[in-house]
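Structure first, commentary second.
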Amino acid sequence: MQDNKLHSSPAAGTTPAPGALSGKCRNTIHAPLSEGAFPSLPPDTPTSPRDADARVVMARRLQSRDLIKYAMSRGIPPQIASRYCVEVAARGKVQGMLYLNLGFPNNNGGYALKAPSGFKSTTKTGITTINTSGKFTDEASCDTVTVFEGFFDFLSWLVETGSMTPLTDVVVLNSVSNVGRAIPYLDRHRETSCYLDRDEAGRKALESIMHSAGHTKVTDCSMFYYGYNDFNEWLTATKKGRWSW
């Protein structure tokens, strides 16, 4: 019989051991990302239909002090931010001003973009899959997978587990509208742990994953940050600046 029923997570207010936040994969080798791990973007790539006046002109390794400080303000230490994110420069079409954004690569060769101003956008929308070596790849590396709604939640999970690389395979949806794109990848795993937002959109995304899962056992882990909307909000409120690195 297929077991894809909802399973409960650790009680609110408790902090499980690093490996307890998700089932740790066995027989994995953790290696650093290669310099060519990030997709390149051609000049004048639109950021999104809602931001048609801006064009991406450059994507490079994270260097901006402002963006690093922004990541730190969200509870993410520079070591993790610079490993998984890049800085993406977008130029305004009218005034020609250059805007820097924190960019998180997705499987379609684009980025989820966030900036200290609150700006959020995307280029070539899609999910992001990462294996236990910290490599951006759609190839599964073990039989367990952890799902996040946004990339700050994924980075927060790394902070909480005390690891530079994931303990399981990872899917970052980058938008709840991308749930359908994630299902084929999730189905290649035996167990799926979901750290989605504690709001209506997050609940619907969880239900979609549960209803679409084949043999995969799905666990709702959002009780871990009960009282907060998402993993990063919990981290920022409770542990910002207190990293065990």
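Residue numbers (the numbering used here): 579 to 823. We put the beta carbon where it would ideally sit given N, CA and C, even for glycine.
Contact set for residue i: own chain, Cβ-Cβ below 7 Å, skip 5 residues either direction
i	result
Pro627	Its pLDDT being 49, under 50, Pro627 is placed unreliably by the model, and the measurement read from it follows with that caveat. Result list for Pro627: empty, nothing under 7 Å.
Leu676	Ala667 and Arg669
Val757	Leu751, Ala783, Ser786 and Ile787
Leu640	Ile646, Ala659, Ser660, Cys663, Val664 and Glu665
Arg638	Val664 and Glu665
Arg759	Gly704 and Ile705
Coarse secondary structure for residue i, derived from DSSP in three states
i	result
Arg781	helix
Ala667	strand
Tyr763	helix
Thr814	helix
Met742	coil
Ala791	coil
Tyr773	strand
Thr768	What sits at residue 768 in the sequence shown is Arg, not Thr. In the structure shown, Arg768 sits in coil (DSSP, three-state: anything other than H, G, I, E or B).
Proximity of residue i and residue j at Cβ, strictly below 8 Å
i	j	result
Gly704	Asn679	no
Gly712	Arg661	yes
Ser790	Ile761	yes
Thr707	Tyr773	no
Thr700	Ala690	yes
Phe714	Pro683	yes
His767	Asp798	no
Asp731	Asp644	no
Ala815	Tyr804	no
Arg776	Ser753	no
Gly687	Lys702	yes
Ser651	Thr724	no
Asp721	Glu769	yes
Spatial neighbours of residue i in its chain, beta-carbon cut-off 8 Å, leaving aside the 5 residues before and after
i	result
Val737	Gly653, Ile654, Pro655, Ile658, Leu813, Lys817 and Trp821
Unbroken alpha helix (DSSP H) run spanning residue i, endpoints
i	result
Tyr648	Arg643 to Ser651
Tyr806	Careful: Tyr806 lies outside any alpha helix (DSSP H) and carries neither H nor E.
Pro656	Pro656 to Tyr662
Opening and closing residue of the beta strand (DSSP E) in which residue i lies
i	result
Val750	Asp747 to Val750
Chain C contact for residue i (CB, 8 Å cutoff)
i	result
Gly740	Protein chains in the displayed structure number just one, and chain C is not present.
Neighbourhood of residue i by C-beta, 6 Å cutoff - its chain only, sequence neighbours within 5 removed
i	result
Leu733	Ile654 and Ile658
Asn709	Thr715, Ser719 and Asp747
Cys726	The question names Cys, but residue 726 is Phe in the sequence shown. These residues qualify, in order along the chain: Phe732, Val750 and Tyr773.
Give, in chain order, every unbroken run of the beta strand (DSSP E) that is at least 3 residues long and sits entirely within the segment 671-729.
Here the runs fully enclosed are 676-683, 689-692, 698-701, 706-708 and 722-726.
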